[in-house]
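One structure below.
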Amino acid sequence: MGEDRAEERSRKDKDRSKDKDREKDKDKSRDKKDREHKDKERDRDRDRDRDREHKDREKDRKKSDRKDRDDEPKEEVEAPAAGAADMAIPSVDDLGVKVSDSGGDMSMDIENTNKLRAALGMKPLSMGKSEKAPNAEDKRIEEAREQAAKKAKDAETKVIADKLESMREQRALQKKLSNVKTLGDSDEEDEGGAASWVNKSRTKEQQRKEEERLKAEMMRRKLEEQDDEAEEEDSEDEAYNARHLKGLKVKHKADDIMDGETMVLTLADKGILDEKGDDLNEEGDELENINVMEQAKREKAKKLAKKPVDNHFVTSIEEAEKKKDILSKYDDAPDEDAMVLDASGEALDLKAQKQLEIKKKMEAAMGMKESLAAYAPKVADEYMTAEEMAALTKPKKMRKKKKKNLRKKDMSDLMAELEASAPQDHSNLGSRDQKQKAEAEAKKAAEEKRGAAFQAALSKARDKSAMLREDAGEDWGVAEEDDNELYESLARARRAAEERQKKKKDSL
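Everything in the sequence shown is counted per numbering that gives the first Met the number 0, starting at 0 for the first residue and increasing by one.
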């Protein structure tokens, strides 16, 4: 049964293919006839145009010949005057006319003939067809003829183009219909549909990966170009480096600049003349930041506003001499601390250096082995070194986890452990509370001991610092205030830690 259906299907396919072949042959023969017919019509039109042009050309030639004959002047033979017979006629040799004698006939060309006629007093002959300029009527006729021929040619070209376009559309439609499958056609592509779909998917995936690779390559090249441009700019800026900043003064303290913060400094404004106005101002350049200066001005104004008002009454002559014209709250404040840049571009804080030296002396006097300068904050580099990068990207070794061999316990062992861990004496239930109270008292005593030791060390440090200040013989009011603030902050931190521990105990 299946074989019969297959044979019938193959037979139908063959008949269908034969019908298609016949239709194609008919279309080809029809197209061939159409082309032959068009070629014949084209040849016929071309012959008609050629005959028409030939006739027009012949008419124009005849017309021009007729005009030339009408325009050609008629020769008038003048009667010889009286006594002409008695005149001597020059010979041919005297006139320089060349005469050829061939076959018993004498002949002259037109040029020699004109010489002879001029000697005889006759009008010379015309050398050829008169080249007369065409008149306006002839030009108009010629232009009209050319325009008519051009229009006819354009119309013929348009007709041919329209026919070719229609034939092209017809062929495209036939090709499209020939690709359409009917219900009886066997779909060979459907048999391998899954395989073809997989191949298409793989092809698309490869194209997508290739596009991504090209995009990544373009991005890499773009970044390399940017790096090259940055390196070129850096090389151009090498002419101005940190060495040129040596000696410049920064009108800010080191505390005003945070670690890792980028601050833009500009040259501070200064007068051309000095304070007296007699000479040029030869002070060095100073750098400042506008935002920091504005903040400092606001803080200064707040402090001045909080100052108490002085008594306006003067009790003695000395006070009157000391008294200024303006209020004391608006007196000139001492200059604030500043920094100076060195050849490496780093800021030198003179006050900080002096304080560091004092701390070193105090540490040496107190017998401390380590210096606080060892714990100074370090500024992180902007880029990692090759060793740091290698250590960061070092692959970790995969370690296999060992499984623990858990010993299985039976029920009897578990019961024995529970019995052993159970309390034997149920009368001693308050031992836990007593233990907690004893621990709390011990901790309290230890804290009191630590506090007493801290106070003793604090007083000792104050005595040492006072001794160092007396040896230096300078005003250490600012340093003393800083020390007091440091001690107060340490005391607050200690009290906060004690309160946290107390709260933690209460919660337990």
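Think of the CB as a built atom: it goes at the ideal place given N, C-alpha and C, for glycine as much as any other residue.
Predicted, not measured: the structure shown is a model, and the values here were computed from it.
Exposed or buried, what is residue i when buried is set at 16 or more other beta-carbons lying within 10 Å of its beta-carbon?
i: Met166; result: exposed
i: Leu518; result: Within the shown structure, residues of the chain are numbered from 0 to 507, placing residue 518 beyond reach of any answer.
i: Met338; result: buried
i: Leu222; result: exposed
i: Leu340; result: buried
i: Leu489; result: exposed
i: Leu124; result: exposed
i: Leu286; result: buried
i: Lys322; result: With a pLDDT of 47 at Lys322, under the threshold of 50, the modelled position of that residue is not reliable, and the figure given next carries that caveat. When all chains shown are included, Lys322 counts as exposed.
Determine the direct distance from the alpha carbon of residue j to that of residue i, and round the result to whole angstroms.
i: Glu2; j: Asp24; result: 33 Å
i: Leu213; j: Ala151; result: 57 Å
i: Lys250; j: Glu281; result: 17 Å
i: Glu210; j: Ala229; result: 29 Å
i: Lys175; j: Glu168; result: 10 Å
i: Ser106; j: Asp64; result: 27 Å
i: Lys199; j: Asn178; result: 21 Å
i: Asp511; j: Asp38; result: Given that the chain is displayed from residue 0 to residue 507, the structure contains no residue 511 and the question cannot be resolved.
i: Lys296; j: Ile271; result: 24 Å
i: Lys305; j: Ala439; result: 48 Å
i: Ile256; j: Ala215; result: 41 Å
i: Val158; j: Gln146; result: 18 Å
i: Ala495; j: Lys269; result: 49 Å
i: Glu204; j: Trp196; result: 12 Å
i: Ala117; j: Ala143; result: 45 Å
i: Ala451; j: Lys301; result: 40 Å
i: Asp59; j: Glu141; result: 10 Å
i: Arg219; j: Ala267; result: 43 Å
i: Lys360; j: Lys459; result: 15 Å
i: Leu441; j: Glu260; result: Residue 441 is actually Ala in this sequence, not Leu. Each residue's Cα considered, the two are about 48 Å apart.
i: Gln354; j: Gly276; result: 38 Å
i: Lys44; j: Arg29; result: In the sequence as presented, Lys is not what sits at residue 44; that position holds Asp. Each residue's Cα considered, the two are about 22 Å apart.
i: Arg51; j: Arg41; result: 15 Å
i: Arg499; j: Ala455; result: 24 Å
i: Glu22; j: Ser16; result: 10 Å
i: Asp432; j: Glu487; result: 37 Å
i: Glu298; j: Glu447; result: 41 Å
i: Glu74; j: Lys122; result: Note that Glu74 scores a pLDDT of 46, beneath 50, so its modelled location is shaky and nothing firm can be said.
i: Glu320; j: Glu356; result: The predicted model places Glu320 with a pLDDT of 47, which falls under 50 and marks its position as unreliable; any figure quoted below should be read in that light. Answer to the nearest angstrom: the Cα atoms are 41 Å apart.
i: Lys501; j: Lys434; result: 17 Å
i: Arg170; j: Asp227; result: 59 Å
i: Gln206; j: Glu224; result: 27 Å
i: Asp18; j: His36; result: 27 Å
Take residue i and list the residues in its own chain whose beta-carbon comes closer than 6 Å to its own, dropping the five residues that flank it on each side.
i: Lys436; result: none
i: Arg4; result: none
i: Asp284; result: Leu247, Leu266
i: Phe453; result: none
i: Asp108; result: none
Candidates the options: which alpha carbon is nearest residue i's?
i: Val291; options: Lys269, Leu119, Asp273, Ala253; result: Ala253
i: Gln173; options: Gln500, Lys27, Glu446, Tyr486; result: Lys27
i: Leu163; options: Glu224, Asp227, Gln206, Arg34; result: Arg34
i: Glu136; options: Gln454, Lys62, Ala171; result: Lys62
i: Arg461; options: Leu279, Lys19, Lys358; result: Lys358
i: Asp48; options: Lys19, Lys208, Ala154, Ala148; result: Ala148
By Cβ distance, which residues of its chain are closer than 7 Å to residue i, with the 5 residues on each side in sequence left out?
i: Asn288; result: His251, Met262, Val263, Leu264
i: Ser315; result: Low per-residue confidence applies at Ser315: pLDDT is 47, beneath 50, and the placement is therefore not dependable enough to give any value.
If you drop the 5 nearest sequence neighbours on each side, which residues of the same chain put their C-beta closer than 8 Å to that of residue i?
i: Glu293; result: none
i: Lys208; result: none
Counting only runs that start and end within the stretch 204-289, where is the beta strand (DSSP E) found for 3 or more residues in a row? The stretch 204-289 contains, as complete beta strand (DSSP E) runs of 3+ residues, the segments 285-287 (chain order).
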